[in-house]
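Here the structure comes first, spelled out in structure tokens, and everything after it is commentary.
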Amino acid sequence: MQFIDLGAQRARIEDRLNAAISKVVAEGRYILGPEVAEFEKKLGEYLGVEHVIACANGTDALQMPLMARGIGPGDAVFVPSFTFAATAEVVALVGAEPVFIDVDAQSYNLNVEQLEAAIAAIRKEGRLQPKAIIPVDLFGLAADYNRISAIADREDLFVIEDAAQSIGGKRDNVMCGAFGHVGATSFYPAKPLGCYGDGGAMFTNDAELADTLRSVLFHGKGETQYDNVRIGLNSRLDTIQAAVLLEKLAILEDEMEARDRIAKRYNEALKDVVKVPALPAGNRSAWAQYSIESDNRDGLKAHLQTEGVPSVIYYVKPLHQQTAYKHYSVAPGGLPVSESLPNRILSTADAPLSVGSRSGQDHRRHSWFPRQKGLIFFACLTKTRRKPGFLCFRLASSIARKHRIYP
1 MQFIDLGAQR ARIEDRLNAA ISKVVAEGRY ILGPEVAEFE KKLGEYLGVE HVIACANGTD
61 ALQMPLMARG IGPGDAVFVP SFTFAATAEV VALVGAEPVF IDVDAQSYNL NVEQLEAAIA
121 AIRKEGRLQP KAIIPVDLFG LAADYNRISA IADREDLFVI EDAAQSIGGK RDNVMCGAFG
181 HVGATSFYPA KPLGCYGDGG AMFTNDAELA DTLRSVLFHG KGETQYDNVR IGLNSRLDTI
241 QAAVLLEKLA ILEDEMEARD RIAKRYNEAL KDVVKVPALP AGNRSAWAQY SIESDNRDGL
301 KAHLQTEGVP SVIYYVKPLH QQTAYKHYSV APGGLPVSES LPNRILSTAD APLSVGSRSG
361 QDHRRHSWFP RQKGLIFFAC LTKTRRKPGF LCFRLASSIA RKHRIYP
């Protein structure tokens, strides 16, 4: 069993994918073909944003808003430490300094109270000028943008939503990607909306900012590509990836509903066995990963591996402890949650959270989590925490049946 199995999704839309890719190849418009603009339009409609700017990857999607805003040396950008390196990397790349904030122990998203304390501390120190916040929607769950936006408005800070893991999720009926001054996402193949290579996008309702971002991603072009008005990047999304994304976008909502339905069943079934993911009222996670906590995480991981069920530790070390970032500032009080999570957290295969459509397909055939592996998953959890010495398949099966884990 693979940690992420894209084969079943491909089988579901294979004919459409092949036709879309063949069309691009036949027409020969590999860069800035019509599929790119069509994808931007349809994704904007799905997210409820006015401007979608597709680009080459998710890291560029985070960096270009900083460039467009003129953030650089002497500026502070507040980021969570418990996340992937790209969130802080882009800050350093533009010459600014990341200031690391702890995450909330329940949501794994930016700790808002500590964010406020860090802003005050940086202002008091006077060495850096606070300029921006990059909250991360970790594992697909939206950060607390009501409170973050209120702080940003009061402190005059630019908010970039890192929605690399959360497209398809929502908070209070606002889609992830639509928060902050600008949102950024990745279309890396393993993401909730992924292409067959690298890709990314930025989202905003600010027309002037959108124009600047389009300039930055095309070498800083002005009226034409031969009149460069600013320093930019080469970060266009290619047409074949846009064609793939159009087909995947068409089934995204169906997949999100299925992921959410199954993840909630998992939460109910596992809540007395491990610490299950938090899902605050009004939220729908994109469930990029189904991440649990266990006092015996290493034992659980070993059992899962023995039974052929993959799992990954996201993340093995917080950013502020990594060699490239340990010299940057951290929030007052330290980052105890970010430092403890690597010893407890485990992301199980998100295959069980990705299933085929019920309409026009054999739902069981396209399930990405075979029944046998599902039983092993529950049995391993049970063995590790409650029934040492044997695999309790009967209990695992009864949990699965009781909570209707399988469609």
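According to the UniProt record's numbering, the sequence shown is numbered sequentially starting from 1.
Just so it is clear, CB atoms sit at the ideal spot from N, CA and C, and this is done for glycine as well.
- Runs of the alpha helix (DSSP H) lying entirely within the stretch 89 to 172 and spanning at least 4 residues, in chain order: 112 to 125 and 145 to 155.
- Inter-segment contact for the stretch 57 to 75 and the stretch 89 to 102 is present: three or more beta-carbon pairs are separated by less than 8 Å.
- For V274, the secondary structure class from DSSP, reduced to helix, strand or coil, is coil.
- The three-state secondary structure of V216, taken from DSSP, is helix.
- For H51, the enclosing beta strand (DSSP E) starts and ends at H51 to C55.
- For N234, the closest of K23, Q225 and E113 by C-alpha to C-alpha distance is Q225.
- Exposure of P336 is indicated by the presence of fewer than 16 other C-beta atoms within 10 angstroms of its C-beta.
- Taking a cut-off of 8 Å on C-beta distances, the stretch 99 to 113 touches the stretch 327 to 346, as three or more cross pairs fall below it.
- Counting C-beta pairs with one atom in each stretch, the stretch 169 to 176 and the stretch 124 to 133 have fewer than three that are closer than 8 Å, which means they do not touch.
- The shortest C-alpha to C-alpha distance from V52 to any of V276, V244, L237 and A281 is the one to L237.
- Boundaries cannot be given for D227, as no alpha helix (DSSP H) includes it and DSSP labels it neither H nor E.
- With distances taken between CA atoms, V276 lies nearest to I345 out of T323, I345 and E253.
- Here I31 is exposed. Its C-beta has fewer than 16 other C-beta atoms within 10 Å.
- Taking the CA atoms as reference points, K42 sits about 45 Å from G126.
- Around the beta carbon of H327, a 10 Å sphere encloses fewer than 16 other beta carbons of the protein chains shown; the residue is thus reported as exposed.
- Inter-residue distance for G70 and T306 is about 51 Å (C-alpha atoms, whole angstroms).
- Under the three-state reduction of DSSP output, K221 falls in the strand class.
- Sixteen is the threshold: when 16 or more other Cβ atoms of the shown chains lie within 10 Å of the Cβ of S347, as they do, the residue is buried.
- Cβ neighbours of L213 within its own chain (closer than 6 Å, five residues either side excluded): I53, M64, A68 and M202.
- Distance check between F139 and each of S291, L246 and Q321 places S291 closest, using alpha-carbon atoms only.
- The three-state secondary structure of G334, taken from DSSP, is coil.
- Between K124 and A207, the alpha-carbon positions lie close to 34 Å from each other.
- Between the alpha carbons of I262 and V94 lies a gap of roughly 41 Å.
- By a beta-carbon distance limit of 8 Å, A288 contacts P192. Their separation comes to about 6 Å.
- Around the C-beta of N57, 16 or more other C-beta atoms lie within 10 Å, and the residue is accordingly described as buried.
- Beta-bridge analysis with DSSP links D75 to Q129.
- Between L115 and I160, the gap from beta carbon to beta carbon reaches 9 Å or more.
- Separation of the CB atoms of D162 and A184 is rounded to 6 Å, and the pair is thereby assigned contact status at 8 Å.
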